[in-house]
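In this text, residue positions in the sequence shown follow this note's numbering: the first is 59, and each later residue adds one. In what follows, a single structure is set out as structure tokens and then discussed.
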Amino acid sequence: MAAALAGARKPWWVIAGAACALHGAADEIADVDVLLDEGDAMRLLPPLGLSPAPGEPHPRFRSVLFATWRDLPIPVEFIAGFAIATTTGWHDVRPVTRERHRIGNAIVFTPARAELAAMLTLSGRPGDLARARRLLA
59 MAAALAGARK PWWVIAGAAC ALHGAADEIA DVDVLLDEGD AMRLLPPLGL SPAPGEPHPR
119 FRSVLFATWR DLPIPVEFIA GFAIATTTGW HDVRPVTRER HRIGNAIVFT PARAELAAML
179 TLSGRPGDLA RARRLLA
């Protein structure tokens, strides 16, 4: 995954459960969620055999582009133009912080703990709220 994103022109981040794992606050990880720029998604994903398309309608989440790469041991979900619905409306998810994590020879990036916890809290889902608490503990 990191190699596939090496040509990204804009910052990208692993978010959600996999990011929590990289920060040492993990539970089981079903997939890896990657937040990236729309232009990078359109340029980098087709060579992987992926066709980024608008995300499926969901009452709590939306994305301008979405694609799932299933050729790895754990599916990787690429998300561009991501927003979360709250009681005050839709909030675009655009991390400001960016921390490096080494996995073998690869470097991946996550938001900092506090920013990741805020993103998880914004979603309001019980599992995400529990992850946020573990990040901040």
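For each residue, glycine too, the CB sits at the ideal point set by N, CA and C.
| request: Taking Arg160 as part of the beta strand (DSSP E), name the residues at either end of that continuous run. | output: 157-161
| Which of the three DSSP states, helix, strand or coil, is assigned to Arg189? | helix
| message | Under 8 Å, with one C-beta from each stretch per pair, do the region 130-147 and the region 82-98 reach the 3-pair mark? | response | yes
| field | His81 and Arg171 closer than 8 Å at C-beta | value | yes
| query | What does Glu114 pair with, by DSSP beta-bridge criteria? | reply | According to DSSP, Glu114 bridges with nothing at all.
| field | Contact between the region 161-175 and the region 118-132 (3+ Cβ pairs under 8 Å) | value | no
| request: Take Leu187 as the anchor and find which of Ala64, Gly75, Lys68 has the nearest alpha-carbon. | output: Gly75
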